[in-house]
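S.K.:
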Amino acid sequence: MNEIEPTICVCLATFQRPEGLSDTLAGIAKQVLDAKVASRLVVVVVDNDPTRSAESTVDAAREQHGLRIIYSVQQRRGVVHARNAGVAAALDAGADFVAFIDDDESPHPEWLSQLLSTQRATGAPIVGGPVIEVLGDHLPAWYRASGFSMPPNRGEGSAAPYAACGNSLFSAGLLASIDGPFDERFNVSGGEDVFLSLTLAKAGASIVWSPRALVDTIVPSDRARLRHVVRRHYIGAANFTRAERMVDGRRNERVLTGVGRVVVGSFRAVVGGLRLSRHRVAIGIVDAAEGLGVLAGALGRGEGRSWWTS
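Using my numbering, you'd call the opening residue of the sequence shown number 100 and step up by one each time.
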């Protein structure tokens with residue numbers, strides 16, 4: 100008896116990024132997949148803009164690439180509403196696995212096949228992969244030297260602490276087993292993917308890493324400004340810590356961790372300044388900002404505005 104290949108749905112929430120969305124869809128169309136897998140590939144695009152600004156981009160991708168795309172509009176503003184609508188559409192389409200990618204990313208041709216390969220080898224219901232920042236010559240030297248863009252260094256099939264929607268694969272049955280599945284308490288702040296994967300991991304689901312399942316994201320000049328980097332790392336640390344605290348209830352040790360990182364980061368920034376090293380100053384400042392984020396998340400204050408709504 101021939102094994103039936105699974106149905107894969109790639110879920111993509113978008114908001115007023117037509118060029119990024121076009122590149123993402125083109126990358127999905129170029130996936131190197133077994134013919135049987137490719138025939139069961141469905142893309143779900145949820146437009147979080149009531150004006151349907153993504154519709155023409157989706158129509159063009161259908162015509163140019165022959166992709167099977169389910170397009171819907173989520174009127175309620177927020178990343179959680181958009182992601183939940185995407186999962187619902189994927190489940191309605193009979194998905195066995197749901198892959199997530201963002202609308203400012205471009206997958207490598209082996210992206211999906213690597214996620215699936217890691218899943219089959221490990222049997223894990225959740226697989227995460229790296230997002231590679233593409234650093235152009237237009238970026239300042241201090242940013243390129245800082246290492247902020249380096250993805251986690253984890254081996255094939257190794258355990259991962261969580262999975263992010265920028266690059267991940269979930270068992271559809273697992274997503275169907277939890278209400279939402281993304282929690283509306285993270286609709287404004289972001290961090291909904293961290294909370295979901297931590298919640299599922301606590302319930303016994305394993306999360307593994309697929310280091311060759313690569314997606315790229317281009318870093319524009321405004322994202323390489325120190326103020327932006329500091330804010331991004333502060334919000335990321337706050338949301339991650341808030342999600343952890345909500346899952347396991349522990350707070351005091353995270354408060355101590357946050358204080359320690361603020362002190363160490365501040366010290367590193369001062370030392371970097373004495374050495375006239377701009378990238379070392381930046382590393383110290385960002386470390387301290389992440390410490391403040393950990394404190395905010397531990398104290399239940401990691402609920403600031405995210406990039407989605409800013």
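In this text, a Cβ means the ideal position worked out from N, Cα and C, and glycines have one as well.
What is the rounded straight-line gap between the Cα of Cys108 and the Cα of Arg311?
M.R.: On the sequence shown, position 9 is the one that residue 108 refers to. On the sequence shown, position 212 is the one that residue 311 refers to. Approximately 20 Å between the Cα atoms of the pair.
S.K.: Work out the CA separation of Arg374 and Thr156 for me, nearest whole Å.
M.R.: Position 57 of the sequence shown holds residue 156. Position 275 of the sequence shown holds residue 374. Answer to the nearest angstrom: the Cα atoms are 49 Å apart.
S.K.: When you compare only the Cα positions, how much space is there between Ser205 and Phe285?
M.R.: Locating residue 205 in the sequence shown gives position 106, counting from the first residue. Locating residue 285 in the sequence shown gives position 186, counting from the first residue. Near 25 Å, if we compare the C-alpha coordinates of Phe285 and Ser205.
S.K.: DSSP three-state label for Ala220, please.
M.R.: Sequence index remark: in the sequence shown, residue 220 carries index 121 (1-based). Three-state result, Ala220: helix.
S.K.: Would you please state the rounded distance, in angstroms, between the beta carbons of His164 and Gln173? I believe it to be under 8 Å.
M.R.: Here residue 164 refers to the residue found at position 65 when the sequence shown is read from its first residue. Here residue 173 refers to the residue found at position 74 when the sequence shown is read from its first residue. Not quite, the Cβ-Cβ distance comes to about 23 Å (not below 8 Å), so this is no contact.
S.K.: Note down, in chain order, each residue of its chain lying with its Cβ closer than 7 Å to the Cβ of Arg377, except the 5 sequence neighbours on either side.
M.R.: Stepping through the sequence shown from its first residue, residue 377 is reached at position 278. Cβ neighbours of Arg377 beyond the five flanking positions: Trp241.
S.K.: Considering only residues of the same chain and omitting the five flanking positions on each side of Val307, which have a CB-CB separation below 7 Å?
M.R.: Looking up residue 307 in the sequence shown gives position 208. Within the same chain, Val307 has close Cβ partners Thr217, Thr221, Ala223, Val226, Gly256, Ser257, Ala258, Ala259.
S.K.: Taking buried to mean at least 16 other C-beta atoms within 10 Å of its own C-beta, is Ala323 buried or exposed?
M.R.: Start at 1 with the first residue of the sequence shown, and residue 323 comes out as number 224. Buried.
S.K.: Are the segment 354–363 and the segment 287–296 in contact at 8 Å, needing three or more beta carbon pairs?
M.R.: Contact between the segment 354–363 and the segment 287–296 is absent, because fewer than three Cβ pairs lie under 8 Å.
S.K.: Roughly how many angstroms separate the alpha carbons of Ala125 and Ala160, rounded to a whole number?
M.R.: Along the sequence shown, read from residue 1 onward, the residue named residue 125 stands at position 26. Along the sequence shown, read from residue 1 onward, the residue named residue 160 stands at position 61. Roughly 7 Å between the two C-alpha positions.
S.K.: From this set, Leu398, Thr316, Val380, which residue's C-alpha is nearest Arg349's C-alpha?
M.R.: Here residue 349 corresponds to residue number 250 of the sequence shown, with the count starting at 1. Minimum Cα distance to Arg349 is reached at Leu398.
S.K.: Please give the ranges of any beta strand (DSSP E) in the segment 163–200, keeping only runs that are unbroken, at least 3 residues long and fully inside the region.
M.R.: As far as the segment 163–200 is concerned, its whole beta strand (DSSP E) runs of at least 3 residues are 168–172, 196–200.
S.K.: Mind checking which residues open and close the alpha helix (DSSP H) that includes Asp122?
M.R.: Position 23 of the sequence shown holds residue 122. Here the alpha helix (DSSP H) through Asp122 covers 117–128.
S.K.: Would you list the residues sitting across from Asn266 in a DSSP beta bridge?
M.R.: Mapped onto the sequence shown, residue 266 falls at position 167. Note: Asn266 sits in a beta bridge opposite Ile200.
S.K.: For the segment 229–248 against the segment 268–279, do three or more pairs of beta-carbon atoms, one drawn from each stretch, fall closer than 8 Å, so that the two count as touching?
M.R.: Too few Cβ pairs lie closer than 8 Å, so no.
S.K.: Once DSSP output is grouped into helix, strand and coil, what is the label at Glu232?
M.R.: Residue mapping note: residue 232 aligns to position 133 of the sequence shown, counting from 1. Note: Glu232 maps to strand in three-state DSSP.
S.K.: Based on Cα-Cα distance, which residue from Gly371, Gly372, Ser365, Glu154 lies nearest to Leu391?
M.R.: Locating residue 391 in the sequence shown gives position 292, where the first residue counts as 1. Nearest of Gly371, Gly372, Ser365, Glu154 to Leu391, Cα basis: Ser365.
S.K.: Within the same chain, show all residues whose beta-carbon is closer than 6 Å to that of Met100, passing over the 5 residues directly before and after it, in chain order.
M.R.: Working through the sequence shown from its first residue, we reach residue 100 at position 1. Residue confidence for Met100 is low, a pLDDT of 38 falling below 50, so the modelled location carries little weight; the figure read from the coordinates is stated next. Excluding sequence neighbours, Met100 sits near nothing in its chain.
S.K.: Reducing DSSP to helix, strand and coil, say where Leu140 ends up.
M.R.: Within the sequence shown, the letter at position 41 stands for residue 140. In this structure, Leu140 counts as strand in the three-state DSSP scheme.
S.K.: Does the segment 193–203 come into contact with the segment 276–290, if we say contact requires no fewer than three beta-carbon pairs (one atom in each stretch) closer than 8 Å?
M.R.: At 8 Å Cβ cutoff, the stretches do not touch.
S.K.: Return the chain-ordered list of same chain residues with a C-beta closer than 6 Å to the C-beta of Ala368, the five sequence neighbours on each side being excluded.
M.R.: In the sequence shown, residue 368 corresponds to position 269, counting from 1. Once the five neighbours on either side are set aside, the close Cβ partners of Ala368 are Val380, Gly383, Ile384.
S.K.: Which residues share a DSSP beta bridge with Gln113?
M.R.: Within the sequence shown, residue 113 is the residue found at index 14, counting from 1. The sequence given here places Thr at residue 113; Gln does not occur at that position. DSSP, once it has assigned bridges, lists Asp146 as partnering Thr113.
S.K.: Which whole-angstrom value is the C-beta distance of Val144 and Thr113, which I expect to be below 8 Å?
M.R.: In the sequence shown, the residue the question calls residue 144 occupies position 45. In the sequence shown, the residue the question calls residue 113 occupies position 14. Sure, about 6 Å apart at Cβ, within 8 Å.
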